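Protein chains: 2
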Amino acid sequence: MSTTTFAAVSAVKQQSETQFRADLSPAWTIGGRPNGGYLLAVVARAATVVSGHPDVLAASAHYLRSPEPGPAEVEVEVLRTGRTASQLRGRLLKDGVPQVETLLTMGVLGDAEPHWQEGVPRPEFGEFPEQPWGPGAAASGFPIAIQNEIDVRFDRPLTDGPSGRGELRGLLSLPADEPFDPISLLFALDALPPATLDVAPSGWVPTLELTGYIRSRPAPGPVKVLHRAHLIGDGRVDESCHVWDSEGTLVAHGTQLAGIRLG
Amino acid sequence: MSTTTFAAVSAVKQQSETQFRADLSPAWTIGGRPNGGYLLAVVARAATVVSGHPDVLAASAHYLRSPEPGPAEVEVEVLRTGRTASQLRGRLLKDGVPQVETLLTMGVLGDAEPHWQEGVPRPEFGEFPEQPWGPGAAASGFPIAIQNEIDVRFDRPLTDGPSGRGELRGLLSLPADEPFDPISLLFALDALPPATLDVAPSGWVPTLELTGYIRSRPAPGPVKVLHRAHLIGDGRVDESCHVWDSEGTLVAHGTQLAGIRLG
Numbered sequence: 004m005s006t007t008t009f010a011a012v013s014a015v016k017q018q019s020e021t022q023f024r025a026d027l028s029p030a031w032t033i034g035g036r037p038n039g040g041y042l043l044a045v046v047a048r049a050a051t052v053v054s055g056h057p058d059v060l061a062a063s064a065h066y067l068r069s070p071e072p073g074p075a076e077v078e079v080e081v082l083r084t085g086r087t088a089s090q091l092r093g094r095l096l097k098d099g100v101p102q103v104e105t106l107l108t109m110g111v112l113g114d115a116e117p118h119w120q121e122g123v124p125r126p127e128f129g130e131f132p133e134q135p136w137g138p139g140a141a142a143s144g145f146p147i148a149i150q151n152e153i154d155v156r157f158d159r160p161l162t163d164g165p166s167g168r169g170e171l172r173g174l175l176s177l178p179a180d181e182p183f184d185p186i187s188l189l190f191a192l193d194a195l196p197p198a199t200l201d202v203a204p205s206g207w208v209p210t211l212e213l214t215g216y217i218r219s220r221p222a223p224g225p226v227k228v229l230h231r232a233h234l235i236g237d238g239r240v241d242e243s244c245h246v247w248d249s250e251g252t253l254v255a256h257g258t259q260l261a262g263i264r265l266g
Numbered sequence: 004m005s006t007t008t009f010a011a012v013s014a015v016k017q018q019s020e021t022q023f024r025a026d027l028s029p030a031w032t033i034g035g036r037p038n039g040g041y042l043l044a045v046v047a048r049a050a051t052v053v054s055g056h057p058d059v060l061a062a063s064a065h066y067l068r069s070p071e072p073g074p075a076e077v078e079v080e081v082l083r084t085g086r087t088a089s090q091l092r093g094r095l096l097k098d099g100v101p102q103v104e105t106l107l108t109m110g111v112l113g114d115a116e117p118h119w120q121e122g123v124p125r126p127e128f129g130e131f132p133e134q135p136w137g138p139g140a141a142a143s144g145f146p147i148a149i150q151n152e153i154d155v156r157f158d159r160p161l162t163d164g165p166s167g168r169g170e171l172r173g174l175l176s177l178p179a180d181e182p183f184d185p186i187s188l189l190f191a192l193d194a195l196p197p198a199t200l201d202v203a204p205s206g207w208v209p210t211l212e213l214t215g216y217i218r219s220r221p222a223p224g225p226v227k228v229l230h231r232a233h234l235i236g237d238g239r240v241d242e243s244c245h246v247w248d249s250e251g252t253l254v255a256h257g258t259q260l261a262g263i264r265l266g
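In order, the protein sequences belong to chains F and B.
Taken in order, the first sequence gives residues 4 to 266; the numbers are from our numbering.
Taken in order, the second sequence gives residues 4 to 266; the numbers are from our numbering.
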């Protein structure tokens, strides 16, 4: 497993009040293209530098193109700064060409227990094996370099084939056991393979839109991830993702709409 | 019930390639402020004019301010035009001050049956009463002008008080029984009162972020809406909304993050 941290591969370097440089890692790719949650996290990293509020509360990304790894630019515009929240526009570009467009609402995450959470799914996570997924576990037909970076263990082997439930349950760790923060949680919301793998095998499932809500600052340690597919139709699928920290607190919730071709 | 259609109150008038004028209706308000889904629909209306693709597939809105009714401006920027989809940025302004920032992915909705939809909730909708909600039904303490425009019937009276499940099930019609289209479905995703009403009464629940996925073109007739709260904590709540058309097809799915003060 890699020792290059997520903080390192998602780092940005400020060039001016609104301009940043990033270096998209070839290691955080699927089929040679950077993971969508990783790209959103890179933009959010820049947003936290210019925002008057420290924490991402809500982030939405629309994916225009799928950039190659290497140098990239990030532009951030503060849209409004309020007392309890601020909103920003952030975009990731490659050689000046927009790749990912995002909107972010930033604020301050508190530490209090949830008031009510009866509406949150309560998955029965099984035992996670000692060994993380290996190369080829997802049987996707294209190289998944990111498998060598993150540690994902499923409580049901992907090699068992689809259960038909459209649900993946994983235990996720960052390289070098780096603790999660609100920004790397945006990545966690897109870290697992498509939940459609538990319905039917398919090729590339490109994310069209990804929205993430960060609900609490995560405790150190690996996170448990519930990734579910909901409806596959018309060449698209919507998926949801819930993330719990090592203390069992729901820390992030996201949805995405992705393209898919079956059969 | 009003006879002024949703198409009329959400209409936009093109001023230039990227600029539109809108007139936000004082009738489509809660506590004097326009409904958030209505505002997103106004922006989407302008986006469809300049997009090379007819249908909203995904729309994300971050709410900066809560505008007063009356004249407003909409600005739309095409970010990318592809073969099967295009992406746009849209913003709603009042006297030049940004109020709502949005990103939209547009495409073409097909007519085929879903391939798989086992992950979609299957609420047991009860009988809907003959009478729509009346003034004061929500006991919210502020004027809900929009109650005189749309027809919403709940299969469990709001006056019964919270069930604790955080779930509202409603039958929704537009004024003059106007058929829904992909744009008015964006409104449908935010048409019901906060699902938190089924947990505990609260004041104003302002939407911070709203994301909607349109999954199918709706059949004519009223839509069934399942609006659910998931986690209330840290002064915020996330809610999801599913919308089925009169033929039972899931036509839209959305999530929102909103502010809330309880107790």
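Backbone N, C-alpha and C define an ideal beta-carbon position, used for all residues, glycine too.
Just so it is clear, the structure is predicted and the values come from calculations on it, not from any experiment.
Exercise. CA-CA distance, G251 (chain F) and R86 (chain B)?
Worked result: 44 Å
Exercise. Does the beta-carbon of L253 (chain F) have 16 or more other beta-carbons within 10 angstroms, so that it is buried, or is it exposed?
Worked result: buried
Exercise. In or out: F145 (chain B) buried (at least 16 other Cβ within 10 Å) or exposed?
Worked result: exposed
Exercise. Expressed to the nearest angstrom, what Euclidean distance is found between the alpha-carbon atoms of K16 (chain B) and S166 (chain F)?
Worked result: 51 Å
For this session: Could you give the DSSP three-state label for A140 (chain F): helix, strand or coil?
Result: Confidence is the limiting factor: at A140 (chain F) the pLDDT is only 46, short of 50, which leaves the residue's position unreliable, though a coordinate-based value still follows. Three-state result, A140 (chain F): coil.
For this session: Would you list, in sequence order, the uninterrupted alpha helix (DSSP H) runs of no fewer than 4 residues that lie entirely inside the stretch 7 to 46 of chain B?
Result: 9 to 12
Exercise. Nearest-angstrom Cα distance between L177 (chain F) and V12 (chain F)?
Worked result: 12 Å
Exercise. By Cβ distance below 8 Å, which residues in the same chain neighbour G139 (chain B) in space, the five residues on each side in sequence not counted?
Worked result: Below a pLDDT of 50, predicted positions are generally treated as unreliable, and G139 (chain B), at 49, falls in that range; no measurement from the model is reported.
Problem set entry | Complete alpha helix (DSSP H) runs within the stretch 178 to 261 of chain B (minimum length 4 residues, chain order) | 185 to 191
For this session: Could you check which residue in B:V53, B:L91, B:E78, B:W247 has the C-alpha nearest to that of P101 (chain B)?
Result: B:E78
Exercise. Can you name the residues of chain B whose CB is closer than 7 Å to the CB of L106 (chain F)?
Worked result: S63, H65, E104, L106
Exercise. For the beta strand (DSSP E) that contains E170 (chain B), what are its first and last residues?
Worked result: 170 to 176
For this session: Spatial neighbours of T258 (chain B) within its chain, please: CB distance less than 6 Å, with the 5 preceding and 5 following residues excluded, ordered by chain position.
Result: T214, S243
Exercise. When the distance is taken between beta carbons, is I149 (chain B) closer than 8 Å to A30 (chain B)?
Worked result: yes
Problem set entry | Per-residue burial, E127 (chain F) [other beta carbons within 10 Å of its own, 16 or more giving buried] | exposed
Problem set entry | L161 (chain B) in three-state terms, based on DSSP | helix
For this session: Anything in the stretch 194 to 209 of chain F with a Cβ closer than 7 Å to a Cβ of chain B? List those residues in chain order, please.
Result: V202
For this session: Flag S219 (chain B) as yes if its beta-carbon sits less than 8 Å from any beta-carbon of chain F, otherwise no.
Result: yes
Problem set entry | Segment contact, 8 Å Cβ cut-off, at least three pairs: the stretch 152 to 168 of chain F with the stretch 41 to 48 of chain F | no
For this session: For T7 (chain F), count neighbouring Cβ atoms within 10 angstroms of its own Cβ and tell me buried if that reaches 16, exposed if not.
Result: exposed
Problem set entry | Spatial neighbours of L67 (chain F) in its chain, beta-carbon cut-off 7 Å, leaving aside the 5 residues before and after | P101, Q102, V103, E104
Exercise. Of all Cβ atoms in chain B, is any one closer than 8 Å to the Cβ of V254 (chain F)?
Worked result: no
Problem set entry | S237 (chain B) versus D193 (chain B) - alpha carbon distance | The sequence given here places Asp at residue 237 (chain B); Ser does not occur at that position. Approximately 22 Å between the Cα atoms of the pair.
Exercise. G93 (chain B) to R94 (chain F), Cα distance in whole Å?
Worked result: 15 Å
Problem set entry | Beta-carbon proximity of G169 (chain B) to R264 (chain B), cut-off 8 Å | no
For this session: Excluding the 5 residues preceding and the 5 following P57 (chain F) in the sequence, name in chain order all residues of the same chain whose CB lies nearer than 7 Å to its CB.
Result: T51, V111
Exercise. What does DSSP give as the partner residues of E80 (chain B) in its beta bridges?
Worked result: B:R92
Exercise. What's the gap between the Cα of G55 (chain B) and the Cα of Q120 (chain B)?
Worked result: 29 Å
Problem set entry | Contact set for K97 (chain B): own chain, Cβ-Cβ below 6 Å, skip 5 residues either direction | P70, A75
For this session: Assign D248 (chain F) to one of two classes, buried (16 or more other C-beta atoms within 10 Å of its C-beta) or exposed (fewer than that).
Result: buried
For this session: For chain B, find out if any of its Cβ atoms is closer than 8 Å to the Cβ of P223 (chain F); answer yes or no.
Result: no
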